[in-house]
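Take a look at the structure below.
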Amino acid sequence: MKIVFKYSFVSWDKPWRICLKSESYGLIQIDDDRTWIQTVKTVHETYLPVGLQIAILCVLFAISALCSGLTLGLMALTPQELKILISSGTPTEKKYADAILPIRLHGTRLLCTVIIMNVIVNTGITLLFDDLAEGVVAFVASAVGIVIFGEILPQSICVKYGLAVGANTIYITKFFMMILFPVTWPLARVLDKYAGVDIETVNRSRMVEMLKMNMDESAACDIDLSTLKIAIGAMELTKKCVKDVMTDIDVKNLLYVSDLALIGKDNYITVKAVARFNKRRLRIVDENMPLTALMDEFKMGDYHLAMVAKATEVKKHHNGKFVDDKIDNFIIKSMQLVEATMLSTSESNEEHAMTLVGLITLEDITEELLQAEITDETDFYVTDDSLKKRRTNTSKKHAPELFCSEKKSERLSLHMLNMTQRWLLDKTPLFSGMNPKAFENLIQRNIREVLIVPPKNSTSRGTLNLYEKGVMSKRFVLILEGKATIRFNDRDLVFEVGSWTSFGGAILEKVEECLVDQKGSLAC
């Protein structure tokens, strides 16, 4: 017969004996020593003394934190970035980068070293915790310790101070690389062969985006905004074509100022006749020609202006390169366009069919390079991509100087010219006997555009006094477009007038009287 029972014994140095209880005889003690039970209190033994084991755990946590931080801190710094810091960083950054660069050049072996060490140390931490405590307590303690002290805390520090941490612990890292060399060297060779070497190159697009990010954060960047614009313009110049910066224009011919030097002002010679007689050659380029190629032509000095044509026979380029990769073929066809401009209308044929769509100068390319408008004394108005007039540099002038500068506006359209002629003929007989061509030239030569530029950092509009009480004026003013305000300060009255309102009619009457009375003309 076999009896199985469970019982908890207290600590006792003498053996326990088994007793049987009978209903008739009571307790019966079994004297057979084979049934004696000897209790022994077992004591849990650790691998090492508890104090020493806790000290080892602290060291392992420090190594785990170091390996985890170096994985993020060192591997985030590419060899190119370290070389940049060595050449252009602060003295401290140069010192740190110079210490890290030799081991960072072996990127794959360094990565394998810190990862293997991190795994080994974390495994050791788990084993020691399991030896000190059992079950759930050991699991929770090791997991919390590794996550907080071995991952989160060191990585949050090394992501900001990875360069300093890596340089100050460089000898520890070299020691780990040396002891793990038999494992990491072949592993790194295999990874380099199949995964590739960690060589990072910064392409043009990335550099442009980095510069643009610095423009958005110009307050934290030590590069001024104009320098950033020039750098971005230079980087993006290769991606742009002629049509991106040209001035849209309908060109009929080319007329030099020197062509008019020997023509008398009284001779009735048309511009068309002068242009046909001189036969000036035009440099005509395709609208898809890269700006860098045209800039190379302009730098030769033969010309700084070219017409832009939209011709079907010229090969279009793709991403700055021609489809057939033959720049000579492009130039030959472009010169055929030049020869086509020398043909008369009757001689032109489908072979030279083209459409002039714009005008481009060296100044346009320079503006695109500098990412800024170039305004000189000749720039009163231009027609650029947005067909907007350029504001003249008159902020330093007084308002009367602006009006008296006699800068001409654009010529009136035919419809506006006819309306102006009719208005003047209806108002005064002074122009009734005038030659129509001379009358037209008189109007066109005296068209003025009053452009009032508000002072810098001011939102209020500037003012210009056309006439002042008690101040003599020699002008007759007719408003074709815009508005003017009449103020009577003594009566506190204000009137606003618009188009087809005139001032200074007395001047025209006086001129008419002088012409009628020939004897009094000298007095006028």
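Under our numbering, think of the first position of the sequence shown as 22, with each following residue one higher. Glycine is no exception: its CB is placed at the ideal position from the N, C-alpha and C atoms. Just so we're clear, the structure is a prediction, and the values are computed from it rather than from any experiment.
Rounded Cβ spacing between Cys88 and Val135 (contact assumed at less than 8 Å): Val135 and Cys88 do touch by the CB rule: their CB atoms are close to 5 Å apart, below 8 Å.
Local Cβ density within 10 Å of Arg130, reported as buried at 16 or more and exposed below that: buried
Proximity winner among Ile251, Leu438, Ser494, Ala505, relative to Thr387 (alpha-carbon distances): Ile251
Counted within 10 angstroms of its Cβ, other Cβ atoms place Pro311 as buried (16 or more) or exposed: buried
Complete alpha helix (DSSP H) runs within the segment 456-530 (minimum length 4 residues, chain order): Within the segment 456-530, the complete alpha helix (DSSP H) runs of at least 4 residues fall at 457-466.
Proximity below 7 Å, CB of Gly519 to CB of Val498: Between Gly519 and Val498, the C-beta gap is not smaller than 7 Å, which leaves the two residues out of contact.
Under 7 Å between C-beta atoms of Phe30 and Thr60: yes
Three-state secondary structure assigned by DSSP to Asp34: coil
Whole-angstrom distance between Tyr289 and Ser434, CA atom to CA atom: Put simply, the backbone Cα of Ser434 is about 22 Å away from that of Tyr289.
Residue range of the unbroken beta strand (DSSP E) whose run includes Gln50: 47-50
Gly1 - containing beta strand (DSSP E), residue span: Since the first residue shown for the chain is 22 and the last is 545, residue 1 is missing from the structure and cannot be characterised.
Opposing strand residues paired with Asp269 [DSSP bridges]: Answer is Gly379, bridged to Asp269.
Segments of 3+ residues assigned as beta strand (DSSP E) that fall wholly inside the segment 42-115: 47-50
Beta-carbon spacing of Gly94, Gly171 below 7 Å: Not in contact: Gly94 and Gly171 (Cβ atoms no closer than 7 Å).
Helix, strand or coil at Leu326 [DSSP, three-state]: strand
DSSP-derived helix/strand/coil call for Asp119: helix
Coil, strand or helix - Lys290 by DSSP: Contrary to the premise, residue 290 reads as Ile rather than Lys in this sequence. Residue state, collapsed to three classes: coil.
Ile191 and Ala120 closer than 7 Å at C-beta: Going by C-beta atoms, Ile191 is nearer than 7 Å to Ala120.
Same chain only: Cβ atoms within 6 Å of Lys337, ignoring 5 sequence neighbours per side: No answer about Lys337 holds up, because its pLDDT of 45 lies below 50 and its placement is not dependable.
Any 3 or more C-beta pairs closer than 8 Å across the segment 112-128 and the segment 63-77: no
Residue environment, Asn462, which counts as buried when at least 16 other CB atoms sit within 10 Å: exposed
Beta-carbon proximity list for Val266, same chain, < 6 Å, skipping 5 on both sides: Asp385, Glu389
Pair within 7 Å by beta-carbon distance, Val263 and Val329: yes
Cβ distance (whole Å) where Ile9 is taken to contact Met198 below 8 Å: Outside the displayed span of the chain (22 to 545) sits residue 9, for which this structure offers no information.
Met321 burial status per 10 Å Cβ neighbour count (16 or more: buried): exposed
Whole-Å CB distance - Gln74 paired with Leu149, under 8 Å assumed: The Cβ separation is near 6 Å, so the contact holds.
DSSP beta-bridge partners of Val306: Val329, per the DSSP bridge assignment.
For Leu451, the nearest candidate out of Val537, Val378, Glu517, Arg512 (CA to CA): Closest option to Leu451, judged by alpha-carbon separation, among Val537, Val378, Glu517, Arg512: Val537.
Rounded separation between Ala154 and Met96 - CA only: 36 Å
Beta-carbon spacing of Gln465, Arg432 below 7 Å: yes
Residue from His127, Cys40, Gln101, Tyr488 with nearest C-alpha to Asp54: Cys40
Beta-ladder partner(s) of Cys40, from DSSP: Looking at the DSSP output, Cys40 bridges to Gln50.
Start and end residues, alpha helix (DSSP H) containing Leu312: 312-320
Selection from Glu530, Leu529, Glu502, Asp511 that minimises the alpha carbon distance to Thr522: Glu502
Best match in Asp151, Leu174, Ile528 for proximity to Ala83 [C-alpha to C-alpha]: Leu174
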